[in-house]
Structures are given as structure tokens and as C-alpha cells.
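K.L.:
Below you will find the structure I want to go over with you.
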Amino acid sequence: MAGCCAALAAFLFEYDTPRIVLIRSRKVGLMNRAVQLLILAYVIGLYTHFAEVEMEPPPKWVFVWEKGYQETDSVVSSVTTKAKGVTVTNTSTLGFRVWDVADYVIPAQEENSLFVMTNMIITMNQTQGFCPELPDKTTVCKSDANCVAGSSGTHSNGIATGRCVLFNGTVKTCEVAAWCPVEDDTHVPEPAFLKAAENFTLLVKNNIWYPKFNFSKRNILPNITTAYLKSCIYDAVTDPFCPIFRLGKIVESAGHSFQDMAIEGGIMGIQINWDCNLDRSSSLCLPRYSFRRLDTRDVDHNVSPGYNFRFAKYFSDLTGAERRTLIKAYGIRFDIIVFGKAGKFDIIPTMINIGSGLALLGVATVLCDVIVLYCMKKRFYYREKKYKYVEDYEQGLGGEMDQ
Amino acid sequence: MAGCCAALAAFLFEYDTPRIVLIRSRKVGLMNRAVQLLILAYVIGLYTHFAEVEMEPPPKWVFVWEKGYQETDSVVSSVTTKAKGVTVTNTSTLGFRVWDVADYVIPAQEENSLFVMTNMIITMNQTQGFCPELPDKTTVCKSDANCVAGSSGTHSNGIATGRCVLFNGTVKTCEVAAWCPVEDDTHVPEPAFLKAAENFTLLVKNNIWYPKFNFSKRNILPNITTAYLKSCIYDAVTDPFCPIFRLGKIVESAGHSFQDMAIEGGIMGIQINWDCNLDRSSSLCLPRYSFRRLDTRDVDHNVSPGYNFRFAKYFSDLTGAERRTLIKAYGIRFDIIVFGKAGKFDIIPTMINIGSGLALLGVATVLCDVIVLYCMKKRFYYREKKYKYVEDYEQGLGGEMDQ
Amino acid sequence: MAGCCAALAAFLFEYDTPRIVLIRSRKVGLMNRAVQLLILAYVIGLYTHFAEVEMEPPPKWVFVWEKGYQETDSVVSSVTTKAKGVTVTNTSTLGFRVWDVADYVIPAQEENSLFVMTNMIITMNQTQGFCPELPDKTTVCKSDANCVAGSSGTHSNGIATGRCVLFNGTVKTCEVAAWCPVEDDTHVPEPAFLKAAENFTLLVKNNIWYPKFNFSKRNILPNITTAYLKSCIYDAVTDPFCPIFRLGKIVESAGHSFQDMAIEGGIMGIQINWDCNLDRSSSLCLPRYSFRRLDTRDVDHNVSPGYNFRFAKYFSDLTGAERRTLIKAYGIRFDIIVFGKAGKFDIIPTMINIGSGLALLGVATVLCDVIVLYCMKKRFYYREKKYKYVEDYEQGLGGEMDQ
């Protein structure tokens, strides 16, 4: 009990601080500061360098700040899109035809993306039946012997019946059970069927949320008026916050030609970056749009280039038999990709950083000690000042002195 | 070689520990503890404050624990939805009609969301042709001179032919090549066409995975019985883990009126939060549902309020000519937004934190030294106890003493 | 002013380093090193253990490296899919029928997933009208008294009219206003209608991006030739980087039977892991595919097992009256789940780690001091060497000595 109290008293009423050797030497003193300076310079220097390689280099202090002193959270997002535009086409197969949103946006709505059909191969009035395959090296035949009944290749339109029939006057191909006539997609229309899509517009509504900070915001900023929204078109320089995009401009911003892309289709990424520093005003938390082509373009390793898919409209004729119009739709899918991180001051990372920072500065002392005690010619002199040798027996040499 | 051995011996058989001045002074001692206490209080205090601003403040120790000692991973999720409900409508245009899932869920399936049509503007039997535009300030005309052939505005339904024709007895508008008759969406039906959708139910199946910890779980908890699932409806208080939601309740939970929302449509976020501490039993890792309206409501800057899109059903008549029924579908899109972080003990962040913590406590000593050695009147006395001055020449004042 | 200069001079030209007691004692010396060794071993040991529980244990040093010295970023991804395959069915209701992509992929395109119909319940030529409900415990009736007009249960196909009519020769059920005849989904076809889907193939194109490092890559690797892509099928061992998958193989890789799954449908996750260490060559940043079944299978708490949804094809007959073919589509939805983290050297985490590391080693000294000064029998001797007691008055006992 008494011991306990003594310990407590000692704990409370005694203050221990390390004993220091203070070497009054310009050389050593300056060296010490120099080393400390170097460490600092090194870190800051790398900060700077690192900041520069960032996409948008923020001021150094911000950079350091956001790194070490903030709690971060990733964005949670919701997107809706709406396309506008009408065009007409005039072809032998379809005649004069008007195309509006309901015709060229397929499916009618998606969550984070929108597909605009720019080109198509249409095969009308298909019915279930038997007809010759398209001629290619696997389907062309001389006699039934060349056709294996029931077989079906990766690119075949149906199941072979085993018969070899005339495809046209000259060529014979294996007959297949399929939707007849089979689609002929050997030639993609050029220029694109709906090339006018270049002038269609796309409205993107984006609502983001940072759960950890319970902070939410929309890409239609509070200071934007309805009048402005009705007329504006996004432009990186003049209208960076207008959420309405001209399709042609999106593709060009990504460094591609809309008319080329329209022929075989492709994927365009509309990237919305919501990096925010919530220690500053929320009005500074703004969307940054960028555009990138997402489908591969290099021709030498490229299966099914561009972007297309098949869908059918089903009809039933008088007899109730089902007919369909098969459409191979080429077009551009616009993926709205929302990403970003929000940072906000948080005490824990701050403390961790300060702690480590202090520890780091200790390095300077260690380095200097090494130099002073091992490299300098007065090292022995300094050493005996710093160290007090205690032998493992009562008659310690340096031991007695302090008594 | 010999030197090497000596060095090794020294490294192994010598133990160096800093020399300490132990000041037996209540004032200084207490001050020291006080400062240390303050640092602690400061940190803890901020922890507490911070914990409070969190959405769901966990116990302090948990909070600290999860922050500093855990490795974290973000959720990977997969969602499926299924709506149920039937209703009837009786209108002049459509007559008596039953609506089931296949009619009002468009498209039939989506990945993370489900659209329920609550209101619609239907334009039946549209065919390709020429007809007068809807009257508005841009389309009303006196003579053909007012209509520019080939022109097409943002909101026009087709391409102007350049003729000015009668829209009805009194008004003349520019003629357009379009799907005729053009849709008249000036008046949105009120109350909503499918207002009964309020009582439809939505089953949400969610499967989550934390790749780093290879931990996966479903929102249909193991202890839930099929019987319960067949009957239950989600309620924040009574049935917080029932994955079946009444549409009306979802909207109300977000503080909005379903009937209002049903008219012009909108986006509802069904947020599933999977924050888990995997150091505790996995049965404590539970989904937390919350609801939020995601589309903007402020009327003063709002293009195309609510949520709607157009789609068409295509028919072909006897002559094979294509007709379509255009539907402008207003409705509520339910986005299932899954987010969350899992934390699990990991040695590396732990070590980093302990290390920094130790370094931090060093601050107390530094502060006290400053006070003791620079502010107290006995400072010179204390200083000479703490410091040993070593001049840069053999006749060190304090130097000789220790010899 | 003068004081200022003095202070500056002191700051620049003085070097302070702590005074050390150097105890020449094998026991203590070895103990000290032992403790330090233990700390090290502990950390490393846990690293190792931890590395082992990881899915793919990387070399220890890599593991440590990636943990402590790197800035990380999460993946941003875009996916497109394309299915191929044709099959025929021959049933009493539909007769001989060919199924191609446009028939069994619904909807025609989705963003991160693809649904392949493997089974179906088809109800042809439904029209709006009145017909008896399917018999079940709630709908079977003796007289009109049993049927509540206007009522509609969760599973009913329409709104009850209140009449009790013959369902077939023997059973009477409540009449409903609905699409008639009502769908009878009591029996799911077995084996699956489109069981041949097992051999269909799925091409997955994935484009990933790490915004922070502005690093993007595709799952179709540069060194893959078009020839290879036209022929290859993914195999974990032989073709780990072929982006074309056989549906059957996907399900089997997840440890399930395709034919079982095809009957009631389900959700398959195609997981693409893009964990990359960007300090190494970008050619080492490769996709790793894995497969997992995402829908719950345990029968005892399972509403609507498997995966299915309803959609309809709408027709209009001569009179313009609308008819539809209702299809309850069972099938497998393939969700492409892309995840991963990229790490790249960054100075800030590095510094934090070094700092903490240094602080940690201090623990050894603290522990040893405790042992040396409190546990060893020579503790008093050692203590008086380490400590210098300073009483709070001029006549300090240990005080005088140093003067």
C-alpha cells in the first residue's frame, strides 16, 4: 500500500527529461541543421514532383494537406440520360422514313449508359423456315456430302439440314433451318445510315453522394438557370458546366471522327470527376467532364470491331404465324462513368502524420551522431562526453564518479 | 577482422539507454502529466466529436479501433429485383384495361434498377407521314414563308416540309415529316394513370462480396424463413430485414408523396449500407436500408422535371406498312445503390498507429522542457542539470568533471 | 535584437545529442537485442501469416511493399458483351423453331450483364378480358360468395370480378379481369427448353482505367492475335487470357450443373480482378477471371428461386384490338463484376511508415529499461547510473556533483 502511494507520488511529482550533451561546434551544429534541411527538402521535393504528375496539380500545401490530414470517401452516384433529335432517311429498302428517339435509342432506358443507333442492317419479314446459308469458306458446297446435318458453326445463322442448295445463280451453300431469309451483314452501309446523329443532343443528369460525409450534389448546379439549360451546349472552355452534350462534339473531344465511328459503332466514355475537398466551400465541389473512347481500335487483334448487337421486332400475320424484322444495330454507346474522392479533415490521419513526422526528424540526430562519433577526428573526445560506460561490477570506472 | 569482432561484441554485449534527469518537483511533475493528459483529452475529444457527426455513431472504442487498426475493403455487389401487382384502368382512349408486371415494368429487367411506369401519354396508330406540328411559339405560322423546309428544332417531332397547314380549326402550324399524328404531351394526366402502383411490391435480392477478405453475404438473412418472406413488408422499425418493399412506403420514407411523384415520375434511391466489422461475428454484418430521392426538385432550374422516356410498340398492318404506338412513359426508377466498407484487423496499420502514438507522447516532454527550461525562474538551475556543455576544445568546462 | 542573434547563433552553431549510459553487460545487451528481434519477428511473422490467408499470396516483400509504400486507386471499368449460338426446339405449342441471339438475349444489350434465356413458359394470344384464375387455396371457390369483387392478391393475375366460374370440368375458381387466358406457371419445363445454351459462347470486352495514375488497359491483351481470338475458348489453365467463354464452362467452374441451373435460372458472376502493381511493368498488370454463383440456393428460405422475369410481345389484330404473347423467361444472367486496386510508389505513405518504424524500435529500449531498472537484482546500481536526481532546491544531492 505504502509502496503504491510512493509509486503514485513518484509518477505524479517527478519529471524526467533526457540529459543532453550540447556541443558548441559550428561545424557539427551547421551539419546537423543541414541534414535536417535535406530531409525536409527531400520530402517536399518529392511532394512537388508527385504533384506535377497528377492530372491537375493542386497547390502544394493543398496536396500535402489532402494526403496526410484527411479522411476520404468514394463517390456514390446515380445517372439519368435523355437524347433529343430527329432525322430522315431515304433508302430503297425502307423508302422515306423519319427517325425519332423512340426509334434509335435502344433500349428505351438504361441506368448509366445510352445507346444511339447510327447504322443498321435490316432484314425484313423473316420467318421460320429453310434457306441457304450465306456463302463463306465453311458454307459453300458442291453436294449434300459437304453439309453435315445438325451442325452449327460459331457464325452460322441456323442449324444445317444437310442439303446443299442454290444461294444464287452461281453459288451453292448448305441449307439451314433458320429465320429466313438469313441476314447478310457482309457489307456495312457507308456512310452511316443515321449519320445525322452527330447533331443529336444528350442531357446527362447526375446525382452524387458521399455517404461518410453525408454530402450530396447534382451536376445541374444551383446557379444555373432553366433558360440557360434550355439553350446551352457543353463546351470545355465556354460552358464547362452545361450538362447537355452534342454527340459529335463528345466523339471529337476524344480525338475521333464521329462519321468514322458511326459506321461500325463504338463505346464512348463520358467521365465525370467529382474530386472534392470538403474542408473548402461545397460550391467549389464541381463536376469535371472528360471523354474517352473505350473500345479497342487497333486492327491487328480485334474481334467484332466497334459495337453492335442484334434485336428483332416481332409481328404475327393473319394466319397467326410469327414474322420478325431483324435489325443488326451499329451505334455508339455512351457510358457515363462517375468517379471521384472527397476529403475532409480528420483528426486520426492528422495525428498519425504528426507522430511520424516527429519520429522522422529524429533521423537527423542519428545521422549526425554517426558522423560526430565515428567520422570526425575528435570523435573519441565527443564519445566520452556522450557516453558513460558502466561495467557490470561495482567498481565501474565511470561508475564511481557520479556518486 | 579483429575490429569487426570487437564491433560485433559491442553490438551484442552492450546496452545503451539515455541518461535521465529526474526533477523531484511537484510543480513540474504535475505540469508534465497535465500536458500529457491534455494531448490525450484533445485526441479522444475529437474522436468523440467526430464519432457523433457520423451517421450512426459507434461506441468510441469501436470507432478508434476501426480507424487505426484495420485493413479495409469496399463492397462488390450484385442485385436482382422483382415487382408484383396488378391494377385496372378505365379511360376513353384505352377503355377498360388490366395492367400487370409485363405491361408497366420497362425494360423487363435491368441490372441495378427497376422502372415502374406510373403515368403515360399514349399516341396510337402512328404512321410515317406528313402532319402539322404541335402549336408553340416556334411552330405557329401564318404562311409557308414562316416555315423553313428541312429545319428541325430541339423539341420538334419531325423535319419541317416548309408548308404551313391547319392544326385545327383556328391554328396553323408548320407541317413536318414525322410519325403522324404527332404526340401531344402538353398535358400530363392528373392524377397519375397508374396511381395504384403505390401498393405494388418490390423484392430486392442483393448479394455482396468483400474480395480482400473473401467474405460474401446476402440480404436474405439465413435466419429468415420462407413463410416470413412470403408475407413480410419492409418497415424500418418492425421489419428492418425484410427485402420486400411497398413502393408507396419507399417514397414516403424519403419524405415525398407518391401520388405527386407518380405524375411526372422521378428517381428513388434504395440505399443498402453494408458497413461491417469482420473482427466481430459475421452475423453482425447486416444490411441497413435507407431511401433518398435522387432527381432534382427545385423548380427554378429544372429541365425535363421528374423522369420519363419514350418507347414504341411496332405493328405492321395488312399491307405490311409499319405502324407504331408511341408511349411517353412517366414513372419512378428505383436505383438500388449498394455501398459499404468492411474492416478487419491487420498488423500493418496497427503497427503504424502504435509507432505514431509513441512518437506523439514525446510531444509532452518537448513542451514541458520548453516550459521548464525557458519559462520557470529556476530555469538556469534546471538547464545546467539537463545540459552538459562541451566546448569545441579539450578544456571543456563541464567536460572534465565526468572523467 | 542581440538576444535574437544569440538565439539564432545557438540554433545554428550548437548540436545537442542525448547522453547515453552504456552498460557493458552480456546479459542486458543480449536481452536488448533479443527483444528487438522478437518485435521484428512478430511483425514479419504476422505479415507472413496474413499473406498466406490472402487469395493469392504474393512474395512477402511484395506484400510488405504494396502495403506500406504505395498510393492506391480503385478501378474504373467499362464492359461490353456479345453472345453467339443457335439452336432448334420442337414442341407441340411452338412446333419446330430456331432460336438465335435476337430471340434468347433479353434485353438486346445491357451495360455490365447479359441475360440468356434457357427456359420459358409461353402464353400465346392473350387478350384483355375475363377468365377464371389459376386454382390455388385462395382462388378456388364454391360460389360467388367466396370471391370478393375488386380484390387482388400478391400472386393473382388480375382483379377479381366477384363471380365464381368453372376453371375446368371439375374445379371452380374466382373470375378475374386480366390478360386471358391467364398464365399457368405451375410446372416449369424439365429439362430446360433451351438446354443447348450450354454450348453458346460469350465474348466479354473489358476496358479498365485507374484515374489517379491515368493508366488504362483492356482484357484483350496486345500480344493476342485475331486468329487466336476467333478460335479460343477460355480455360483457367490453357487459355487464361481468352475473353471468350463457353456458358457451360462458366457454370461448372463455379461448381454447379448448367442443366440444373438452366431450368429455374440463376445469376452467375464473372469476376475480373485487375490488381496491379504499377511499379512493375504494365505488361504484368493482367486480368484474373473467376466465377461465382450469386443467387441463393439454400431451399429453406428462398422466395422465387433462381432467376426469371416476364415480358410480352404485343400484336394488334385486324380489328386493331391488342393481343400479346406473354413469356415468363427463366435464364442465367451473367454479371460481369470488375474490381481491383492499383498500387504505385508514393513518398508520403513511405515516410509515414519509416517514421513509425523508427518509433516502434524505441519500444525495445523501453521494455529493456523496465527489466533492467525494475527486475534485475542490480537494478539500484543501474538506476543511479541512468538517473540523476535533482531536488527542487539548490542543495540537490546529485545536483552538486556536476558543478
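Just so you know, the sequences run in chain order A, B and C. Each residue of the first sequence is one higher than the last, beginning at 1 in the UniProt record's numbering. Each residue of the second sequence is one higher than the last, beginning at 1 in the UniProt record's numbering. Each residue of the third sequence is one higher than the last, beginning at 1 in the UniProt record's numbering. Cβ coordinates follow ideal geometry from the N, Cα and C atoms, glycine included. As the structure is a prediction and not an experimental result, all values here were calculated from the model.
1. Select from the segment 127-152 of chain A all residues with a C-beta closer than 7 Å to any C-beta belonging to chain C, and list them in chain order.
2. Using a cut-off of 7 Å between C-beta atoms, extract the partners of N277(A) located in chain C.
3. What's the call for P191(C), buried or exposed, on a 16-neighbour Cβ count within 10 Å?
4. Thinking D279(A) and F345(A) are a contact (beta carbons under 8 Å), I'd like their distance in whole angstroms, please.
5. Jot down the residue ranges of each uninterrupted beta strand (DSSP E) in the segment 76-133 of chain A, minimum 3 residues, whole runs only, in chain order.
6. Could you tell me which residues DSSP puts in a beta bridge with Q271(A)?
7. Looking at the unbroken beta strand (DSSP E) that takes in K388(B), where does it start and where does it end?
8. Assuming K388(A) and R19(B) make a contact with CB atoms under 8 Å, what is their CB distance in whole Å?
9. What are the complete beta strand (DSSP E) segments, minimum 3 residues, inside the segment 216-284 of chain C?
10. Quick one: is D16(B) near chain C, going by C-beta distance under 7 Å?
11. Excluding the five sequence neighbours on either side, which residues of its own chain have a C-beta within less than 6 Å of the C-beta of W179(B), listed in chain order?
12. Can you tell me which of the three DSSP states F63(C) falls into?
13. Which residues share a DSSP beta bridge with K344(C)?
14. Checking contacts by CB at 7 Å: is R19(C) closer than that to chain A?
15. Going along the chain, which residues of its own chain have a beta-carbon closer than 7 Å to the beta-carbon of A254(A), five neighbours each way excluded?
16. Using DSSP bridges, identify the partner residues of D16(C).
17. Which stretch, first to last residue, makes up the beta strand (DSSP E) that contains I159(C)?
18. Closer than 8 Å, Cβ to any Cβ of chain C: which residues of the segment 307-330 of chain A, in chain order?
19. With DSSP as the reference, label Y307(B) as helix, strand or coil.
20. For a contact defined as C-beta to C-beta under 9 Å, what are the partners of T201(C) on chain A?
21. Checking the sheet assignment: what are the DSSP bridge partners for Y381(A)?
22. Does the distance from the C-beta atom of G29(B) to that of L37(A) stay below 7 Å?
23. What would DSSP say about N207(A), mapped onto helix, strand or coil?
24. Count Cβ pairs between the segment 193-209 of chain A and the segment 166-178 of chain A that sit closer than 8 Å; are there 3 or more?
25. When DSSP labels each residue in this structure, what does F11(B) get in the three-state scheme?
26. Given a threshold of 16 other Cβ atoms within 10 Å of its Cβ, counted over all protein chains shown, does G343(B) qualify as buried or as exposed?
27. Keeping to the same chain, check which residues put their C-beta closer than 6 Å to that of K385(A); ignore five residues upstream and five downstream.
28. Find the residues of chain C that neighbour K217(B), judging by a C-beta separation of less than 8 Å, and give them in chain order.
29. Under DSSP, the beta strand (DSSP E) around C180(B) begins and ends at which residues?
30. Who are the neighbours of E391(B) on chain F, taking C-beta pairs under 9 Å?
31. Can you have a look at S113(B) and say buried or exposed, based on whether 16 or more other CB atoms are within 10 angstroms of its CB?
32. With DSSP as the reference, label T325(A) as helix, strand or coil.
33. Pull up the distance between the alpha-carbon of W274(C) and that of S283(B), whole angstroms please.
34. So, does the CB of S78(A) fall closer than 7 Å to a CB anywhere in chain B?
35. Check whether the segment 142-157 of chain C touches the segment 357-369 of chain A, counting contact only when three or more Cβ pairs, one atom from each stretch, lie closer than 8 Å.
P.N.:
In this structure, then:
1. Q128 and S152
2. Those within 7 Å of N277(A) in chain C number zero; the least Cβ separation is about 15 Å.
3. exposed
4. 5 Å
5. 76-84, 87-91, 95-99 and 113-132
6. S290(A) and I337(A)
7. Note, K388(B): beta strand (DSSP E), Y387 to E391.
8. Between K388(A) and R19(B) the beta-carbon gap is near 7 Å, inside 8 Å, which marks them as a contact.
9. 244-246 and 266-273
10. yes
11. Q126
12. Residue placement at F63(C) is poorly supported in this model, since its pLDDT is 35, which falls under 50; the coordinates still yield a value, given next. Helix at F63(C).
13. E71(C)
14. yes
15. Within the same chain, A254(A) has close Cβ partners M268, F291, R292 and R293.
16. Beta-bridge pairing links D16(C) to L22(A).
17. Note, I159(C): beta strand (DSSP E), I159 to L166.
18. Y307, F309, R310, F311, A312, Y314, F315, S316, L318, G320, R324, L326 and A329
19. DSSP places Y307(B) in coil when its eight states are reduced to three.
20. One finds T154 in chain A with Cβ atoms closer than 9 Å to the Cβ of T201(C), taken in chain order.
21. Paired residue(s): none; Y381(A) is not in a bridge.
22. no
23. Under the three-state reduction of DSSP, N207(A) is assigned to strand.
24. no
25. Looking at F11(B) - three-state DSSP - the assignment turns out to be helix.
26. So G343(B) counts as buried.
27. V21
28. Taking a Cβ-Cβ threshold of 8 Å, none of the residues of chain C is close to K217(B); the smallest such distance is about 10 Å.
29. K172 to C180
30. Checking the listed chains, one finds no chain F in this structure; the protein chains it contains are A, B and C.
31. buried
32. Strand at T325(A).
33. 30 Å
34. Among the residues facing chain B, S78(A) is included, as its CB has a counterpart in that chain under 7 Å away.
35. no
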